[in-house]
Amino acid sequence: MPIETANRKDQQASAAQAREVIDVFHEISTLLNADLDRQTLSICISLIENGVNPEALASVIRELRKDAEETRAEIQSSQ
13 MPIETANRKD QQASAAQARE VIDVFHEIST LLNADLDRQT LSICISLIEN GVNPEALASV
73 IRELRKDAEE TRAEIQSSQ
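If you read the sequence shown in the working numbering, its first letter stands for residue 13, the second for the next number, and so on.
So, in structure tokens, the structure goes:
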């Protein structure tokens, strides 16, 4: 088997495993009503793998959601 074909198969297997991991995390997120989509989960996992503190990341996400909700409320009240 040529090296390129073996490398391609390894990359495809790695991509499939990554999708499975994201799917599992998405299921957990849904069960916990965390409201995180697959893309957001993927970004969070990447940040944590690169050394970001998970608790700090969770705090930032909560704060961003709070700010977004306040902004939505302000927009609705001004209409």
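Ideal Cβ positions, reconstructed from N, Cα and C, are used throughout, including at glycine.
Values in this document were obtained by computation on a predicted structure and should not be read as measured data.
Query raised in the report: Is the region 30-44 touching the region 58-65, taking contact as three or more C-beta pairs under 8 Å?
Result: Between the region 30-44 and the region 58-65, the count of C-beta pairs closer than 8 Å stays below three; the two stretches do not touch.
**Report entry** Contact under 7 Å by Cβ, Ser54 with Ile34
**Finding:** Result yes, Cβ atoms of Ser54 and Ile34 sit closer than 7 Å.
Query - Rounded separation between Arg74 and Arg31 - CA only - result: Cα to Cα, Arg74 sits roughly 25 Å from Arg31.
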